[in-house]
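Asker: Take a look at the following structure, please.
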Amino acid sequence: MVIMKKNPDLQFQSPTEIKQYQELRLQETLRYLQNNSAFYQRMFKENNVDIRKIKHIEDLQHLPLTTKTDLQTHNEEFICVDKSNIIDYVTTSGTLGDPVTFTLTSNDLDRLSYNEYLSFDTVGCTKNDILQLMTTIDRRFMAGLAYFLGARELGMGIARVGNGIPELQWNTINRIYPTCGMVVPSFLIKLVEFAEKNGIDYNASTLKKCVCIGESLRTPNFELNTLGKRIQEKWTSLQLFSTYASTEMQSSFTECKHFCGGHLQPELIIVEFLDDNNNPVKEGEAGEVTITTLGVEGMPLLRFKTGDICYHYNEPCTCGRNTTRLSAVLGRKGQMIKYKGTTLYPPALFDILDNIPNVKNYVVEVYTNELGTDEILIRVGSNDRSEAFAKEIKDLFRSKVRVAPRINFKSAEYIAKIQMPPMSRKTVKFIDLR
30 MVIMKKNPDL
40 QFQSPTEIKQ
50 YQELRLQETL
60 RYLQNNSAFY
70 QRMFKENNVD
80 IRKIKHIEDL
90 QHLPLTTKTD
100 LQTHNEEFIC
110 VDKSNIIDYV
120 TTSGTLGDPV
130 TFTLTSNDLD
140 RLSYNEYLSF
150 DTVGCTKNDI
160 LQLMTTIDRR
170 FMAGLAYFLG
180 ARELGMGIAR
190 VGNGIPELQW
200 NTINRIYPTC
210 GMVVPSFLIK
220 LVEFAEKNGI
230 DYNASTLKKC
240 VCIGESLRTP
250 NFELNTLGKR
260 IQEKWTSLQL
270 FSTYASTEMQ
280 SSFTECKHFC
290 GGHLQPELII
300 VEFLDDNNNP
310 VKEGEAGEVT
320 ITTLGVEGMP
330 LLRFKTGDIC
340 YHYNEPCTCG
350 RNTTRLSAVL
360 GRKGQMIKYK
370 GTTLYPPALF
380 DILDNIPNVK
390 NYVVEVYTNE
400 LGTDEILIRV
410 GSNDRSEAFA
420 KEIKDLFRSK
430 VRVAPRINFK
440 SAEYIAKIQM
450 PPMSRKTVKF
460 IDLR
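Below is the structure:
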């Protein structure tokens with residue numbers, strides 16, 4: 030059995046102390062995998078891995094990588110416990126393929142709770158705060174449950190409203206007086222629009238900070254991006270914090286009040302940043318987030334390639350933490366677009382579209398044309414469907430990313446249906462048809 034060890038002061042210790050702690054936990058994790066994981070037992074045997082030689086974080090480079098394909102193909106081989114010890118079943122969102130099932134034990138749920146306790150503490154929440162949970166807690170979604178458990182561990186009051194329904198959200202704000210929201214940031218725009226139509230002074234509300242998931246709020250140099258600016262220009266009294274996580278890592282990276290990247294929780298996860306050849310990138314260079322979980326009992330992962338591309342920074346933060354920090358996600362490696370000689374990721378396209386007032390909503394589609402190269406079609410929901418507006422959008426793309434995609438106008442209602450298919454837990458803005 031592997032037990033998660035709470036050490037909330039570790040993030041404030043020296044980089045050397047953090048590394049030494051992680052290396053001890055890494056050796057425990059390797060022994061646990063060798064004894065309990067059918068997948069890693071086979072991997073170690075096929076690659077002649079002697080785990081006794083893996084003593085330092087740098088030694089991880091001598092081990093094979095784990096991919097999403099491995100998880101999809103050998104899903105049950107990753108389970109390290111008897112099914113009688115499994116408490117919770119969740120699935121990934123399936124952004125880059127079929128969803129993968131993850132199993133959590135009672136200890137894993139405690140670890141999940143502790144991780145989000147640390148996240149809320151990082152943004153400055155205390156037991157005197159009330160959290161309005163504006164994300165789903167069902168539909169096999171790990172994160173919604175994690176937020177509830179973490180807030181409970183911190184001692185916060187919680188209003189479980191779920192996603193959508195601006196009227197119910199505002200009714201809850203005016204009834205329960207929450208101070209913090211857990212929300213997908215683009216939904217805050219809808220809350221503002223509802224408030225303005227119904228005479229609600231949102232800047233006078235009790236909601237003073239929001240922890241935001243699923244969409245980037247900042248550029249790699251930590252400035253607010255278009256979405257972040259749109260929210261902040263309206264809701265001036267609201268602080269916006271970003272948190273980045275995934276089902277596979279069962280932990281998160283969350284901003285502190287200095288807004289300079291998401292902080293690693295070093296007792297829960299080891300992170301590497303790799304280039305296309307799986308070599309470590311330097312600080313300030315884009316690399317694929319590759320994680321090794323610590324203290325996970327049900328389905329621990331070793332050197333798992335998340336597919337997310339980020340920058341990382343190691344210098345100490347003004348808040349006193351000495352942990353690695355991550356930028357906003359630049360994009361998913363599997364979603365990289367090669368268009369007319371230019372390499373693009375979907376978030377760069379989203380940032381442009383979010384800045385066009387007459388664009389109500391949109392979906393970016395990428396497909397392979399008759400020449401075998403990437404083609405981009407953007408379906409735009411707008412009341413203005415003129416050729417002049419299409420030219421305006423294309424000119425804006427040329428000025429920002431040097432290339433102009435095809436534009437196809439539809440009603441905002443039509444786009445909204447595409448964005449929220451029946452089985453989806455997240456708003457779909459990117460469709461890859463390649």
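Just add 29 to the spot in the sequence shown (first one is 1) and you have this note's numbering.
Note that CB positions come from ideal geometry on N, CA and C, so glycine has one too.
#1: Can you tell me where the beta strand (DSSP E) with residue 187 in it begins and where it stops?
#2: Mapping DSSP to helix, strand and coil, what is residue 294?
#3: Cβ of residue 138 within 8 Å of Cβ of residue 178?
#4: Report yes if the C-beta distance between residue 366 and residue 405 is below 8 Å; otherwise report no.
#5: Mapping the DSSP letters down to three states, classify residue 374 as helix, strand or coil.
#6: May I have the straight-line CA-CA distance separating residue 176 from residue 225, to the nearest angstrom?
#7: Would you kindly report the start and end of the unbroken beta strand (DSSP E) that includes residue 54?
#8: For residue 65, which residues in the same chain have their Cβ closer than 6 Å to its Cβ, ignoring the five residues on either side in sequence?
#9: If the criterion is Cβ atoms closer than 8 Å, does the pair residue 273 and residue 141 meet it?
#10: Kindly indicate which residue of 95, 154, 374, 408 has the alpha-carbon position closest to the one of residue 448.
#11: Flag this pair as yes or no: are the beta carbons of residue 204 and residue 162 separated by less than 8 Å?
#12: Note down the Cα distance separating residue 314 from residue 280, rounded to an integer number of angstroms.
#13: Suppose the cutoff is 6 Å on Cβ atoms and the five residues either side in sequence are ignored; what does the same chain contact list for residue 44 look like?
#14: Less than 8 Å between the beta carbons of residue 217 and residue 260, yes or no?
#15: If we count Cβ pairs, one from each stretch, closer than 8 Å, do we get three or more for the region 247 to 259 versus the region 282 to 293?
#16: For residue 381, which three-state DSSP category applies?
#17: From the DSSP output, read off the bridge partner residues of residue 319.
#18: Run through the region 215 to 272 for me and flag every whole alpha helix (DSSP H) of 4 or more residues, listed as ranges in chain order.
#19: Can you list, in chain order, the residues of its chain whose CB lies under 6 Å from that of residue 376, leaving out five sequence neighbours each side?
#20: For the pair the region 331 to 351 and the region 288 to 307, tell me if three or more CB-CB distances fall below 8 Å.
#21: Specify whether the region 73 to 84 and the region 96 to 113 touch according to this definition: at least 3 beta carbon pairs, one from each stretch, less than 8 Å apart.
#22: Going by beta carbon distance, what residues of the same chain come within less than 7 Å of residue 389, once the five residues before and after it are set aside?
#23: Specify, as a first and last residue, the run of the beta strand (DSSP E) that residue 97 falls within.
#24: Based on the DSSP output, what are the partners of residue 134 in its beta bridges?
#25: Given 8 Å as the limit, is there contact between the region 150 to 162 and the region 109 to 119, that is, 3 or more CB pairs closer than that?
#26: Verify whether the separation of the beta carbon atoms of residue 393 and residue 458 is less than 8 Å.
#27: Could you check whether residue 317 and residue 362 sit closer than 8 Å to each other, using their CB atoms as the reference points?
#28: Cutting at 7 Å between CB atoms, please list the residues of its own chain near residue 276, excluding the five before and the five after it.
#29: Here's the rule: buried if 16 or more other CB atoms are within 10 angstroms of the residue's CB, otherwise exposed. What is residue 158?
Answerer: Short version:
#1: 186 to 189
#2: coil
#3: yes
#4: yes
#5: coil
#6: 29 Å
#7: Where residue 54 is concerned, there is no enclosing beta strand (DSSP E), although the alpha helix (DSSP H) it sits in stretches over 44 to 65.
#8: 109
#9: no
#10: 408
#11: no
#12: 23 Å
#13: 351
#14: yes
#15: yes
#16: helix
#17: 301, 334
#18: 255 to 263
#19: 245, 360
#20: yes
#21: no
#22: 410, 411, 441
#23: Per DSSP, residue 97 belongs to no beta strand (DSSP E); it is in the alpha helix (DSSP H), 97 to 102.
#24: 115
#25: no
#26: yes
#27: yes
#28: 119, 121, 131, 171
#29: buried
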